[in-house]
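As given, the protein sequences belong to chains W and V, one line each in that order.
Heads up: take any position in the first sequence, counting from 1, add 118, and you land on the working numbering.
Heads up: take any position in the second sequence, counting from 1, add 180, and you land on the working numbering.
Yeah, the Cβ is synthetic: ideal placement off N, Cα and C, and Gly gets one too.
Bear in mind the structure is a predicted one, so any value in this text is a computation, not a measurement.
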Amino acid sequence: EVQLVESGGDLVQPGGSLRLSCAASGFTFTNYWMHWVRQAPGKGLVWVSRINSDGSDTSYADSVKGRFTISRDNAKNTLYLQMNGLRAEDTAVYYCARDWRGATSTFGYWGQGTLVTVSS
Amino acid sequence: DIQMTQSPSSLSASVGDRVTITCRASQGISNYLAWFQQKPGKAPKSLIYAASSLQSGVPSKFSGSGSGTDFTLTISSLQPEDFATYYCQQYKSYPPTFGQGTKVEIK
Numbered sequence: 119e120v121q122l123v124e125s126g127g128d129l130v131q132p133g134g135s136l137r138l139s140c141a142a143s144g145f146t147f148t149n150y151w152m153h154w155v156r157q158a159p160g161k162g163l164v165w166v167s168r169i170n171s172d173g174s175d176t177s178y179a180d181s182v183k184g185r186f187t188i189s190r191d192n193a194k195n196t197l198y199l200q201m202n203g204l205r206a207e208d209t210a211v212y213y214c215a216r217d218w219r220g221a222t223s224t225f226g227y228w229g230q231g232t233l234v235t236v237s238s
Numbered sequence: 181d182i183q184m185t186q187s188p189s190s191l192s193a194s195v196g197d198r199v200t201i202t203c204r205a206s207q208g209i210s211n212y213l214a215w216f217q218q219k220p221g222k223a224p225k226s227l228i229y230a231a232s233s234l235q236s237g238v239p240s241k242f243s244g245s246g247s248g249t250d251f252t253l254t255i256s257s258l259q260p261e262d263f264a265t266y267y268c269q270q271y272k273s274y275p276p277t278f279g280q281g282t283k284v285e286i287k
């Protein structure tokens, strides 16, 4: 059974930093691109970032480019999102998502999400 | 960026009703279209990929159709567990983008 378990969400002040983690199990982690998708309170889904299977290629939404860094540790089956320069508009539930078939950029499985609140 | 527009934004329907949700892309995306279901407080769940292919384990009351710019999600006979918000998503080009969602409520 595919499982994705996020952690690391917290209340942080504007300008602060946070690192999210996503522990993956139940599938061969190294075969799949991985993504972060976020959802602000009461709003829709927004794709944030993607990393390829070996971590050599990444992509970001314009809204987070230069502030967020996606990475992965294939030995630990774990995905990360380093978030710097946080803003109030980054407040959201952050979901880790496994690519549907490997490298398609749609999402076959989702974690339960972790809440990031940016507020003073 | 490709914009995805869903209609309606919300609808009220009764158990047993046939429900159709429309998703329109701002440019052609072939069949690179997925549908997701999200219940309150829960993570989204994948329903359909490639516009019309059901994900494993998804009941056949869900169906998708379309190609190019216009797509539909149909629920053939609405059940209590189907009341949720539904999102379309294009994966033809970066960044992947979602529709704004369609909330299906009980009449």
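Candidates the options: closest to residue i by CA position
i        : options                                : result
W/GLN230 : W/GLY203, W/GLY133, W/SER135, W/ARG156 : W/ARG156
V/ALA264 : V/ARG204, V/ILE182, V/PHE216           : V/PHE216
W/MET152 : W/GLN131, W/GLN121, W/LEU204           : W/GLN121
V/TYR274 : W/THR222, W/TYR227, W/GLU119           : W/THR222
W/ARG137 : W/ASN170, W/CYS214, W/GLY220           : W/CYS214
V/LYS287 : V/MET184, V/SER187, V/VAL199           : V/VAL199
V/GLU285 : V/PRO260, V/ASP181, V/PRO276, V/GLN235 : V/PRO260
W/ASP208 : W/ALA179, W/ASP217, W/GLY173           : W/ALA179
V/SER256 : V/GLN269, V/ILE201, V/SER226           : V/ILE201
W/ILE169 : W/LEU163, W/SER189, W/GLY184, W/PRO159 : W/SER189
V/TYR271 : V/VAL238, V/LEU258, V/SER247, V/THR254 : V/SER247
W/TRP218 : W/SER135, W/GLY184, W/THR146, W/GLY133 : W/THR146
W/THR187 : W/THR224, W/SER177, W/THR196           : W/SER177
Per DSSP, cross-strand counterpart(s) of residue i
i        : result
V/THR265 : V/GLN218, V/LYS283
V/ILE209 : DSSP lists no partner for V/ILE209.
V/THR202 : V/SER187, V/THR252
W/ASP217 : W/PHE225
W/ILE188 : W/LEU199
W/GLN121 : W/SER143
DSSP state of residue i mapped onto helix, strand, coil
i        : result
W/ALA206 : helix
W/THR148 : helix
Minimum Cβ-Cβ distance from residue i to chain V less than 8 Å
i        : result
W/PHE225 : yes
W/SER177 : yes
W/LEU233 : no
W/GLN230 : yes
W/TRP78  : There is no way to answer for residue 78 of chain W, as the model of chain W reaches only from 119 to 238.
W/TYR212 : no
W/THR222 : yes
W/GLY133 : no
Minimum Cβ-Cβ distance from residue i to chain W less than 8 Å
i        : result
V/PHE278 : yes
V/TYR266 : no
- [ ] Check whether the segment 231-238 of chain W touches the segment 121-130 of chain W, counting contact only when three or more Cβ pairs, one atom from each stretch, lie closer than 8 Å.
- [x] yes
Open item on the list: Below 8 Å, how does it come out for the segment 190-202 of chain V and the segment 226-237 of chain V: are there three or more Cβ pairs, yes or no?
Closed with: no
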